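Just below is one structure, and these are the notes that go with it.
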Amino acid sequence: MKMKSKTPSDKIEKDTIWFMWILTFVVVGIYITTLFSNPNVLKPVRLVPFTILMAVHLFLHWWLGKITKNPVWIPRYVIAQGVIAFTVILISESIVLPIALFMGLIGEVIGLLGITRWGILAVIYYVVLGVINVSVIEDIRSMWGWLIGLVPMLFFVVIYVMLYQRQMDAREKAQDLANQLEEANQQLSEYAVRVEDLTLLAERQRMARELHDTLSQGLVGLILQLEAVDAHLSKHQVEKAREIIGLSMERARLTLSEARYTIGDLRGEKRVDLSLAEALQEELDRFKKTSGVDFHFEHSVSDGLPQKMTETLVRITTEALSNILRYANAKLVTINLSAIDGKITLLIRDDGIGFNPQQVKEGHYGIIGMRERAKLAGGTFKITSQAGQGTTIEVVLLIEKEHETN
Numbered sequence: 000m001k002m003k004s005k006t007p008s009d010k011i012e013k014d015t016i017w018f019m020w021i022l023t024f025v026v027v028g029i030y031i032t033t034l035f036s037n038p039n040v041l042k043p044v045r046l047v048p049f050t051i052l053m054a055v056h057l058f059l060h061w062w063l064g065k066i067t068k069n070p071v072w073i074p075r076y077v078i079a080q081g082v083i084a085f086t087v088i089l090i091s092e093s094i095v096l097p098i099a100l101f102m103g104l105i106g107e108v109i110g111l112l113g114i115t116r117w118g119i120l121a122v123i124y125y126v127v128l129g130v131i132n133v134s135v136i137e138d139i140r141s142m143w144g145w146l147i148g149l150v151p152m153l154f155f156v157v158i159y160v161m162l163y164q165r166q167m168d169a170r171e172k173a174q175d176l177a178n179q180l181e182e183a184n185q186q187l188s189e190y191a192v193r194v195e196d197l198t199l200l201a202e203r204q205r206m207a208r209e210l211h212d213t214l215s216q217g218l219v220g221l222i223l224q225l226e227a228v229d230a231h232l233s234k235h236q237v238e239k240a241r242e243i244i245g246l247s248m249e250r251a252r253l254t255l256s257e258a259r260y261t262i263g264d265l266r267g268e269k270r271v272d273l274s275l276a277e278a279l280q281e282e283l284d285r286f287k288k289t290s291g292v293d294f295h296f297e298h299s300v301s302d303g304l305p306q307k308m309t310e311t312l313v314r315i316t317t318e319a320l321s322n323i324l325r326y327a328n329a330k331l332v333t334i335n336l337s338a339i340d341g342k343i344t345l346l347i348r349d350d351g352i353g354f355n356p357q358q359v360k361e362g363h364y365g366i367i368g369m370r371e372r373a374k375l376a377g378g379t380f381k382i383t384s385q386a387g388q389g390t391t392i393e394v395v396l397l398i399e400k401e402h403e404t405n
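Take the sequence shown: its letter number 24 is residue 23 in numbering that gives the first Met the number 0, and every next letter is one higher.
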């Protein structure tokens, strides 16, 4: 079960309650001490107002938290507490009460207003009231003695309250930082889950591309070849049918080999490939044997390209040739491979019937797979086509600097 963390306001409120209970204990102690030390206060004419004013004084202390929520009430509170303390001291005629009551009020107002103009004015207000009380109860000489004793006590109270306030501020900041850290950890946990989900999604997309480019294309090629065999057999062209069956067997073996390579690639195994030009030439030769469509291949790319780049361009070419065979009804395919200004460009053109790239039906993942492969390799993929004007595919990849230097 998750524990609910305490907020800074909770801790401040707890500290305030403890302070108020201590203050209550002190005020009650002063009240009882005054009654025992000054018999005149026990007279009803003094006891009743003395008790009521002490109770109101204590009540206002407890209500300080609610009073401070409205800044307008703070000056009224300061003035009211001063008047109450002044009156209580006059009623009791106790020389101890000015120190006890006004020191508490001074500490409270310093904590509330700080060392500001209003805070200093409030302190002066309480000191003046205390001086008047002492001068009325005793004499001028006693007042000076009271003031001399007041200075170190006042200094101690101010320093203590300021240190306490700084400690409270530091605790509040520390708690705020702890809350921010907890929120950051929560966000990191959520990000980790999202990264894991995205990683799984990317791996699924990769497997979908690999399956499409191996098993799917291989099976499509076999189906087309078997359809051609059936057509030749219906025309009693046995030799031609046998030749295509041989190509079909070769195609099946190649598909099996590519499937094994894909499984090995998913397991992290490495494979020594042909050069890019050799691999494309092999794909085009196989394409011509299967379809009978002529091709024209030009290239000006040196050997030794990174394996991932070679694989990307070969896979895109294979998918493009498969689509040409199935849909284009083309007579000629032209492939141009060039490397200029640190970029390698692959152009695949056919003179087929063309199509509208914006109206590709759902379920045809070939174009999606080609575009994804180019994007994952850090390149661009562009396809242009119009009805009756054939189709052009352009793939541009950046050549790695290390290979370019070599």
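Glycine included, every Cβ here is placed at the ideal spot set by N, Cα and C. Because the structure is a prediction, the values reported are computed rather than measured.
query = Which of helix, strand or coil does DSSP assign to H235?
reply = The residue given as residue 235 occupies position 236 in the sequence shown. H235: coil per DSSP, three-state reduction.
C-alpha distance - T289 paired with V237, whole-angstrom precision = As a first step, residue 289 must be located in the sequence shown, where it is residue number 290. As a first step, residue 237 must be located in the sequence shown, where it is residue number 238. T289 and V237: Cα-Cα distance of roughly 16 Å.
key: Sequence-distant residues of the same chain with beta carbon closer than 8 Å to L375, five excluded per side   = Sequence index remark: in the sequence shown, residue 375 carries index 376 (1-based). Excluding sequence neighbours, L375 sits near T311.
message = Taking the alpha carbon of L324 as the reference point, which residue from E242, T390, N178 has its own alpha carbon closest?
response = The residue given as residue 324 occupies position 325 in the sequence shown. Cα-wise, what sits closest to L324 is T390.
inquiry  = So, with DSSP's three-state summary, where would you put V87?
reply    = In the sequence shown, residue 87 corresponds to position 88, counting from 1. If DSSP states are grouped into helix, strand and coil, V87 belongs with the helices.
query = In chain order, what residues of the same chain have a beta carbon less than 6 Å from the beta carbon of H295, not counting five sequence neighbours either side?
reply = Walking along the sequence shown from the start, residue 295 turns up at place 296. Around H295: T333.
ask   = What are the start and end residues of each continuous beta strand (DSSP E) run of 3 or more residues lying completely inside the segment 274-344, in chain order?
value = 293-298, 331-339
request  = Please name the residue in A373, M19, I352 whose C-alpha comes closest to that of V395.
outcome  = For the purposes of this step, residue 395 is taken as the residue at position 396 of the sequence shown. Nearest of A373, M19, I352 to V395, Cα basis: A373.
query = Taking one C-beta from the segment 87-104 and one from the segment 30-48 each time, how about it: are there three or more such pairs within less than 8 Å?
reply = yes
task = Name the one or two DSSP bridge partners that F380 has.
result = In the sequence shown, the residue the question calls residue 380 occupies position 381. Looking at the DSSP assignment, F380 forms a beta bridge with V394.
request  = Measure from the alpha carbon of F18 to the alpha carbon of each residue in G118, F101, M53, G106, then state which is nearest.
outcome  = Along the sequence shown, read from residue 1 onward, the residue named residue 18 stands at position 19. Comparing Cα-Cα distances from F18 to each of G118, F101, M53, G106, the minimum goes to G106.
ask   = Would you call Y30 buried or exposed, if buried means 16 or more other Cβ atoms sit within 10 Å of its Cβ?
value = Here residue 30 is taken as the residue at index 31 of the sequence shown, counted from 1. It is buried - the Cβ of Y30 has at least 16 other Cβ atoms within 10 Å.
ask   = Does DSSP classify V229 as helix, strand or coil?
value = As a first step, residue 229 is located in the sequence shown; it is residue number 230 there, counting from the start. The amino acid occupying residue 229 in the given sequence is Asp; Val does not appear at that position. In the structure shown, D229 sits in a helix (DSSP, three-state: H, G or I).
request  = Check each candidate in L246, L320, A183 and name the one with the smallest Cα separation from I392.
outcome  = One-based indexing of the sequence shown puts residue 392 at position 393. Among L246, L320, A183, the Cα nearest to that of I392 belongs to L320.
request  = Just the C-alpha distance for G129 and P97, rounded to the nearest angstrom, thanks.
outcome  = What you label residue 129 is simply residue 130 of the sequence shown in a count that begins at 1. What you label residue 97 is simply residue 98 of the sequence shown in a count that begins at 1. So the alpha carbons of these two residues sit roughly 5 Å apart.
request  = Could you please give the first and the last residue of the uninterrupted alpha helix (DSSP H) stretch that includes S93?
outcome  = Start at 1 with the first residue of the sequence shown, and residue 93 comes out as number 94. Segment: none, S93 is in no alpha helix (DSSP H) and carries neither H nor E.
key: Outcome for H235 when other beta-carbon atoms lying within 10 angstroms are tallied against a minimum of 16   = In the sequence shown, residue 235 corresponds to position 236, counting from 1. H235 is exposed by the Cβ-count criterion.
When E171, M308, I136 are compared against G377, the one with the closest alpha-carbon = Your numbering for residue 377 matches position 378 in the sequence shown. For G377, the nearest C-alpha among the options comes from M308.
message = Please identify the residue among A329, R370, L120 whose C-alpha is closest to the C-alpha of I406.
response = Residue 406 cannot be examined here, being either before or after the span of the chain that is shown, 0 to 405.
task = Using three-state DSSP, classify I222 as helix, strand or coil.
result = The residue given as residue 222 occupies position 223 in the sequence shown. I222: helix per DSSP, three-state reduction.
ask   = Got a sec? Which residues, its chain only, sit under 8 Å from P356 by beta carbon, not counting five neighbours each side?
value = Position 357 of the sequence shown holds residue 356. Excluding residues within five positions, the ones whose Cβ falls inside 8 Å are I366, I382, T383, S384.
ask   = Where does I131 sit, in a helix, a strand or coil, going by DSSP?
value = Walking along the sequence shown from the start, residue 131 turns up at place 132. Residue state, collapsed to three classes: helix.
ask   = Taking the Cβ atom as the reference point for each residue, do L57 and V27 lie within a distance shorter than 9 Å?
value = As a position in the sequence shown, residue 57 is number 58, starting the count at 1. As a position in the sequence shown, residue 27 is number 28, starting the count at 1. Yes, the pair counts as a contact, with Cβ atoms nearer than the cut-off.
key: D349 - partner residues in DSSP beta bridges   = Reading the sequence shown from its first residue, position 350 is the one you call residue 349. Looking at the DSSP assignment, D349 forms a beta bridge with V332, T390.
query = What does a CB cutoff of less than 7 Å around N132 pick up in its chain, not counting 5 residues either side in sequence?
reply = Mapped onto the sequence shown, residue 132 falls at position 133. Contacts found: F85, I88, L89, P97.
key: Cβ pair F101, V126 closer than 9 Å   = To locate residue 101, count along the sequence shown from 1; it is residue 102. To locate residue 126, count along the sequence shown from 1; it is residue 127. Closer than 9 Å, so yes.
task = Rounded to whole angstroms, what's the CA-CA distance from E282 to Q388? Just pull it up for me.
result = What you label residue 282 is simply residue 283 of the sequence shown in a count that begins at 1. What you label residue 388 is simply residue 389 of the sequence shown in a count that begins at 1. So the alpha carbons of these two residues sit roughly 24 Å apart.
key: For A183 and L336, the rounded distance between their alpha carbons   = For the purposes of this step, residue 336 is taken as the residue at position 337 of the sequence shown. For the purposes of this step, residue 183 is taken as the residue at position 184 of the sequence shown. C-alpha separation (whole angstroms): 50 Å.
ask   = Going straight from the alpha carbon of L406 to that of Q174, what length do you get?
value = The chain is shown from 0 up to 405; residue 406 falls before or after that span and cannot be answered.
message = Only counting the same chain, and skipping five residues up and downstream in sequence, which positions put a Cβ closer than 7 Å to that of L22?
response = Position 23 of the sequence shown, counted from the start, is the residue given in the question as residue 22. Hits under 7 Å: H60, G103.
task = Could you have a look at P70 and say whether DSSP puts it in helix, strand or coil?
result = Within the sequence shown, the letter at position 71 stands for residue 70. Of the three classes helix, strand and coil, the one that applies to P70 here is coil, per DSSP.
request  = Take I16 and list the residues in its own chain whose beta-carbon comes closer than 7 Å to its own, dropping the five residues that flank it on each side.
outcome  = Within the sequence shown, the letter at position 17 stands for residue 16. No residues qualify anywhere along the chain.
request  = Return the residue from the list L221, V192, K330 that minimises the CA-CA distance to G351.
outcome  = Reading the sequence shown from its first residue, position 352 is the one you call residue 351. The shortest Cα separation from G351 among L221, V192, K330 belongs to K330.
key: Three-way DSSP call (helix, strand, coil) for G81 in this model   = Here residue 81 corresponds to residue number 82 of the sequence shown, with the count starting at 1. Reduced to three states, the DSSP call for G81 is helix.
Enclosing alpha helix (DSSP H) for V44 [first to last residue] = Position 45 of the sequence shown holds residue 44. Run containing V44: 43-61, per the alpha helix (DSSP H) assignment.
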